[in-house]
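Asks: Sharing a structure below in structure tokens format, with a few things to ask.
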Amino acid sequence: MTKFNDAEVAYLRGLDAVDNVTSTRIIYSKRFKTHFLHEYWNGKSPTEIFRNAGMPVVIIGSKRIERCTYRWIKDGRDKDIASSDNEKCESNGTNREQRSEQILIETREVMEDLSEALLKAEKIIEMLTSEGLSR
27 MTKFNDAEVA YLRGLDAVDN VTSTRIIYSK RFKTHFLHEY WNGKSPTEIF
77 RNAGMPVVII GSKRIERCTY RWIKDGRDKD IASSDNEKCE SNGTNREQRS
127 EQILIETREV MEDLSEALLK AEKIIEMLTS EGLSR
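The following block contains the structure:
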């Protein structure tokens, strides 16, 4: 589990999307969760939604975003199932294609992030190797 340092905790506490934060946990505001679901169902990626709220992956961590997404969508679906509002159910049914597309987009974003991280790691290894050889 990613731990937040003191500066990150202070930064996160200043965001409207966060009700409270400790070194290991974030309590998100109800308003942000609602906003997140609205944006998600309208085609934005979870990473983009968090980033736009001031919470980039480098601070929050992709696993935390993934878990929140899963939990909030599940909670939203459970509420939809309990509701007798047919319009909501139809709306969620039409968004299945969007969700599939969104999963593909998110997978591409994760792959790009991993590729970028790998290139940086390779550069660091290359620098350390060449520095070790020159001594």
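Start counting the sequence shown at 27; every next residue gets the next number (our numbering).
The beta-carbon is built from N, C-alpha and C at its ideal position, and this holds for glycine as well.
None of these values were measured; they are calculated from a predicted model.
Taking the C-alpha atoms as reference points, what is the distance between I129 and I75?
Replies: Taking the straight line from one Cα to the other gives about 14 Å.
Asks: In or out: M153 buried (at least 16 other Cβ within 10 Å) or exposed?
Replies: So M153 counts as exposed.
Asks: Helix, strand or coil, according to DSSP, for N46 in the structure here?
Replies: In this structure, N46 counts as strand in the three-state DSSP scheme.
Asks: Can you pull the DSSP bridge partners for I86?
Replies: Paired residues: none, contrary to the question.
Asks: If we count the other Cβ atoms within 10 Å of its Cβ and call it buried at 16 or more, is I151 buried or exposed?
Replies: Counting Cβ neighbours within 10 Å, I151 comes out exposed, since fewer than 16 surround it.
Asks: Can you tell me the Cα-Cα spacing of N112 and R39, whole angstroms?
Replies: In this predicted model, N112 has a pLDDT of only 44, less than 50, meaning its place in the structure is not dependable enough to derive any value.
Asks: Confirm, please, whether the CB-CB distance from H64 to A43 is below 9 Å.
Replies: For A43 and H64, no; Cβs fall outside 9 Å.
Asks: Do D139 and V83 have their beta-carbon atoms positioned less than 9 Å apart in this structure?
Replies: Going by C-beta atoms, V83 is nearer than 9 Å to D139.
Asks: Assuming contact is defined by CB atoms lying nearer than 9 Å, are F30 and I85 in contact in what I supplied?
Replies: It is a contact, given that the beta carbons lie within the stated cut-off.
Asks: With DSSP collapsed to three states, give me the class of A143.
Replies: Correct three-state label for A143: helix.
Asks: Provide the residue span of the alpha helix (DSSP H) that contains F25, from first to last.
Replies: The question about residue 25 has no answer here: the residues shown for the chain are numbered 27 through 161.
Asks: Below 8 Å on the Cβ atoms is my contact criterion, and I expect T28 with G102 to pass it. Report the Cβ-Cβ distance as a whole number of Å.
Replies: With a Cβ gap of about 25 Å, T28 and G102 do not count as contacting.
Asks: I need the DSSP call for Y37, collapsed to helix, strand or coil.
Replies: In this structure, Y37 counts as helix in the three-state DSSP scheme.
Asks: From what residue to what residue does the alpha helix (DSSP H) around F76 run?
Replies: Element bounds for F76: P72 to N78.
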